[in-house]
Amino acid sequence: LYNDKGDILVKDTIRCWSGWPHYKSNVADQKASWWRGGWADWYVFRLAETYLLRAEAYTWLDNPDLAVQDLNKVRERAGARLLTADEVNISQILDERARELAFEEVRWFDIARWKRADVFKKTLHGVNVTIKSGSVAEGNLQLNFEQPKVESVSRFWQKNFSPKWYMSAFPSDEINKGYGLLQNPGW
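Per the working numbering, residue 22 is the first one in the sequence shown, and the count goes up by one each step.
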C-alpha cells in the first residue's frame, strides 16, 4: 500500500490504521479526527488468502515443495518461522488459515469444506494476557498468557454435531420450483 507520493505505508496485505488490527472489523473514516467508521477502500479477497488457497491446492496435488513456498510467503510476512516441505500438510494449512484469517468469517467454511467434525467438537480456549513484569517504556515487558477453557459459550454442534452442516440447505422455494433441485442430505 502506497500513499500519493509513492511511499510504502505498510507491508501488510491490508492497511493497519493503528497498533491493533481494527481493519478486520472497522473501516476508519480517513477524513475524521475520531473513530466513527466511514468511507475507505475495503478488501474483498486478500493476497495472503490466495497464497493459502494455492498452498492447499498444491498439498492436495501432492506437491509439498510448491505448497511450502506459498505458505512461507504468508509466514515470512507475519514474522513466523519458515517451514520445510516435510512439515506441510492439510492440518498445518488449516491452522495457518485460522491464524492469518482470524475474525474474517472464513473459519466455519474452512472446517465444513474440509469435513473436520473433530475441529467442530474441540473444546474452546480463550486467552488471558496479563503483565508479568517490566514495562513497555523500559523495553522489558514480560507477559503471561493463560488459555482457560471457555465454558460460558454454548455451542450446540459440539455435542450434537451432524454431517448435514458440511453443506447448507437450499431454500424451500427453490426446491419447490420443480426444476429438479434436490435438498442436500439431512435438511
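A virtual CB, placed ideally from N, CA and C, is assigned to each residue, including glycine.
- Across the set 167, 128, 139 and 138, the C-alpha of 167 shows the shortest separation from the C-alpha of residue 146.
- When rounded, the separation of the alpha-carbon atoms in residue 203 and residue 187 is 16 angstroms.
- The straight-line gap separating the alpha-carbon atoms of residue 148 and residue 169 is approximately 7 angstroms.
- The C-beta distance from residue 69 to residue 80 rounds to 16 angstroms, too long to meet the 8 angstroms contact threshold.
- The continuous alpha helix (DSSP H) containing residue 71 extends over residues 68-81.
- In this model, residue 150 and residue 163 are separated by some 10 angstroms (Cα to Cα).
- About 12 angstroms separates the beta carbon of residue 78 from that of residue 92, a gap too long to meet the 8 angstroms contact definition.
- Collapsing the DSSP output to three states places residue 163 in a strand.
- Secondary-structure assignment with DSSP links residue 95 through no beta bridge to anything.
- The alpha-carbon separation between residue 121 and residue 113 amounts to approximately 12 angstroms.
- Taken through DSSP and simplified to helix, strand or coil, residue 175 comes out as coil.
- For the options 107, 132 and 180, the alpha carbon positioned closest to that of residue 118 is the one of 132.
- The DSSP-derived three-state label of residue 140 is helix.
- Residue 73 is classed as buried because its beta carbon has at least 16 other beta carbons within 10 Å across all chains shown.
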